[in-house]
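Novice: Adding 2 to a residue's 1-based position in the sequence shown gives its number in the working numbering.
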Amino acid sequence: MYQRTIAESVGCVGIGLHSGRKVSLKVRPAPVDNGIVFIRTDLPSSPVVKASVENVVDTTHATTIGVGDAKVSTIEHLMASFAGLGIDNAFVEVDAPEVPIMDGSAGPLLFLLKSGGIRVQHKSKRFIVIKKAVKIGNQQEGWAELSPAKEFKVSCSVDFDHPMLQKQVYKMSFSDTNFEKELSMARTFGFLNEVEYLRSQGLIKGGSLDNAIVVDDFRVLNEGGLRFSDEFVRHKMLDAIGDISILGMPVIGHLSLHKSGHRLNFELAQKLIADPKAWKIVEVKKKETEKVKFKVPHFGMMKPSVS
Numbered sequence: 003m004y005q006r007t008i009a010e011s012v013g014c015v016g017i018g019l020h021s022g023r024k025v026s027l028k029v030r031p032a033p034v035d036n037g038i039v040f041i042r043t044d045l046p047s048s049p050v051v052k053a054s055v056e057n058v059v060d061t062t063h064a065t066t067i068g069v070g071d072a073k074v075s076t077i078e079h080l081m082a083s084f085a086g087l088g089i090d091n092a093f094v095e096v097d098a099p100e101v102p103i104m105d106g107s108a109g110p111l112l113f114l115l116k117s118g119g120i121r122v123q124h125k126s127k128r129f130i131v132i133k134k135a136v137k138i139g140n141q142q143e144g145w146a147e148l149s150p151a152k153e154f155k156v157s158c159s160v161d162f163d164h165p166m167l168q169k170q171v172y173k174m175s176f177s178d179t180n181f182e183k184e185l186s187m188a189r190t191f192g193f194l195n196e197v198e199y200l201r202s203q204g205l206i207k208g209g210s211l212d213n214a215i216v217v218d219d220f221r222v223l224n225e226g227g228l229r230f231s232d233e234f235v236r237h238k239m240l241d242a243i244g245d246i247s248i249l250g251m252p253v254i255g256h257l258s259l260h261k262s263g264h265r266l267n268f269e270l271a272q273k274l275i276a277d278p279k280a281w282k283i284v285e286v287k288k289k290e291t292e293k294v295k296f297k298v299p300h301f302g303m304m305k306p307s308v309s
């Protein structure tokens with residue numbers, strides 16, 4: 003029920019998916035009510051960009067936040083990892099315009115954060131409780147919805163015109179254990195013809211079969227195949243959890259998605275915030291725990307450790 007930050011600073015080096023540049027990433031502890039704040043250490047004066055709805059500047063191919071000329075892209079896997087561990091506050095230093103893609107999943111980033119340990123802070127968490135349904139999109143092109151529920155749960159479906167990606171559905175009640183076991187290792191994916199087009203546009207310079215699933219007209223090109231038979235829909239759910247965490251606090255409600263992507267996820271968060279009657283902020287004190295009518299996500303306690 004209390005806010006959390008990372009116990010010890012941790013870092014890694016990886017490749018930026020779109021830039022192809024080597025990226026150094028460092029995550030440091032932050033004080034209560036700080037939120038997740040990114041710092042561009044490669045720019046003069048090391049400008050800061052808070053992960054918040056108002057700072058989202060682009061959702062093409064990834065979620066990008068920015069303030070002025072300082073932008074940070076491909077934040078969704080790291081944001082999902084913070085959500086999966088119940089981390090509310092952290093400073094994230096990057097020396098490039100994007101977070102490293104690692105293996106295309108949240109798994110390595112989750113491992114990195116866990117290696118730093120979790121420190122429980124002495125201030126109560128705040129939750130966004132959904133009071134009425136908010137929906138955006140349509141059945142044909144895709145939709146996203148947040149509706150009232152007693153806990154945070156997610157339902158996701160995809161339906162592509164491809165023999166391997168015809169309708170897949172996945173549902174999950176959110177917890178740290180479920181996130182780590184069921185979602186964190188699901189990788190980003192793309193179609194071969196899309197990969198060729200994006201490269202012709204100067205994008206995904208760092209993309210390879212080591213950090214993404216690539217499918218042609220009939221099969222997965224990665225030598226090891228899939229990690230889950232429904233890895234595609236699981237990754238879409240992973241992205242959505244990262245995108246919706248841009249709200250700045252855990253959600254108590256049902257997140258439903260059909261053929262959704264970064265744009266729809268962000269527009270859903272925007273539409274929710276724009277309707278004050280659709281949500282309320284609840285801060286639960288320890289002595290009030292027994293009065294809570296909703297089930298908060300479970301985040302297991304972890305002993306601090308340093309890698």
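Beta carbons: idealized from backbone N, C-alpha and C, even for Gly.
If you're wondering where the values come from, they're calculated on a predicted model, not measured in any experiment.
The alpha helix (DSSP H) spanning Asn267 covers which residue range?
Specialist: For the purposes of this step, residue 267 is identified with residue 265 of the sequence shown, where counting begins at 1. Unbroken alpha helix (DSSP H) run through Asn267: 264-276.
Novice: In this structure, how does DSSP classify Ala9 when only helix, strand and coil are distinguished?
Specialist: As a first step, residue 9 is located in the sequence shown; it is residue number 7 there, counting from the start. Assigned with DSSP and collapsed to three states, Ala9 falls in coil, not helix or strand.
Novice: Enumerated in chain order, which unbroken segments of the alpha helix (DSSP H) with a length of 4 residues or greater are wholly contained in the region 33-100?
Specialist: 78-87
Novice: Would Ala214 pass as a contact of Gly244 if the rule is Cβ separation under 8 Å?
Specialist: Residue mapping note: residue 214 aligns to position 212 of the sequence shown, counting from 1. Residue mapping note: residue 244 aligns to position 242 of the sequence shown, counting from 1. Result no, Cβ atoms of Ala214 and Gly244 do not sit closer than 8 Å.
Novice: Figure out for me which residue from His63, Lys238, Arg128 has the closest Cα to the Cα of Ser258.
Specialist: Your numbering for residue 258 matches position 256 in the sequence shown. Ser258 has its Cα closest to that of Lys238, out of His63, Lys238, Arg128.
Novice: Just confirm the distance between the C-beta atoms of Asp277 and Val136, as a whole number of angstroms; I'd bet it's less than 8 Å.
Specialist: On the sequence shown, residue 277 is found 275 positions in, with the first residue counted as 1. On the sequence shown, residue 136 is found 134 positions in, with the first residue counted as 1. Going by Cβ atoms, the distance from Asp277 to Val136 rounds to 6 Å, so yes, they are a contact pair.
Novice: Taking DSSP as the reference, what is the three-state secondary structure of Ala214?
Specialist: Your numbering for residue 214 matches position 212 in the sequence shown. Judged by DSSP in its simplified three-state form, Ala214 adopts coil rather than helix or strand.
Novice: Taking the alpha carbon of Ser47 as the reference point, which residue from Val25, Thr65, Pro31, Ala72 has its own alpha carbon closest?
Specialist: Translated into the one-based positions of the sequence shown, residue 47 becomes position 45. Residue Ala72 is the option with its Cα nearest to Ser47.
Novice: Can you give the Cα-Cα distance for Thr291 and Ile283, rounded to whole angstroms?
Specialist: For the purposes of this step, residue 291 is identified with residue 289 of the sequence shown, where counting begins at 1. For the purposes of this step, residue 283 is identified with residue 281 of the sequence shown, where counting begins at 1. Reliability fails at Thr291, whose pLDDT of 49 lies under 50, so the model's placement of it is uncertain and no value is given.
Novice: Taking only three categories from DSSP, how would you classify Val253?
Specialist: Looking up residue 253 in the sequence shown gives position 251. It is a strand residue.
Novice: Tell me the rounded alpha-carbon separation between Val51 and Cys14.
Specialist: Along the sequence shown, read from residue 1 onward, the residue named residue 51 stands at position 49. Along the sequence shown, read from residue 1 onward, the residue named residue 14 stands at position 12. Whole-angstrom Cα-Cα distance: 20 Å.
Novice: Mark Pro110 as exposed unless 16 or more other C-beta atoms lie within 10 angstroms of its C-beta, in which case mark it buried.
Specialist: Taking the first residue of the sequence shown as position 1, residue 110 is located at position 108. Classification of Pro110: buried, given that the 10 Å Cβ count is 16 or more.
Novice: If we call anything under 8 Å between Cβ atoms a contact, is Asp44 one with Asp97?
Specialist: Residue numbering aside, residue 44 sits at position 42 when the sequence shown is read from its first letter. Residue numbering aside, residue 97 sits at position 95 when the sequence shown is read from its first letter. Here Asp44 is near Asp97, since their CB atoms are less than 8 Å apart.
Novice: List the whole-angstrom C-beta distance separating Ile8 from Gly119, where the pair is believed to meet the contact cut-off of C-beta under 8 Å.
Specialist: The sequence position of residue 8 within the sequence shown is 6, counting from 1. The sequence position of residue 119 within the sequence shown is 117, counting from 1. With 8 Å as the limit, Ile8 and Gly119 qualify as a contact, their Cβ atoms being about 7 Å apart.
Novice: What does a CB cutoff of less than 8 Å around Ala242 pick up in its chain, not counting 5 residues either side in sequence?
Specialist: Sequence index remark: in the sequence shown, residue 242 carries index 240 (1-based). Closer than 8 Å at the Cβ level, and outside the excluded window around Ala242, lie Ala146, Val156, Cys158, Leu257, Leu259, Ser262, Asn267.
Novice: Can you tell me whether DSSP reads His237 as helix, strand or coil?
Specialist: Position 235 of the sequence shown, counting from 1, holds the residue named residue 237. Correct three-state label for His237: helix.
Novice: What's the C-alpha gap between Val39 and Leu114?
Specialist: For this step, residue 39 is matched to residue 37 along the sequence shown. For this step, residue 114 is matched to residue 112 along the sequence shown. Taking the straight line joining both Cα atoms gives about 17 Å.
Novice: Out of Leu270, Gly255, His20, Gln141, which has the shortest C-alpha to C-alpha gap to Val131?
Specialist: By one-based count along the sequence shown, residue 131 stands at place 129. Nearest C-alpha to Val131: Gly255.
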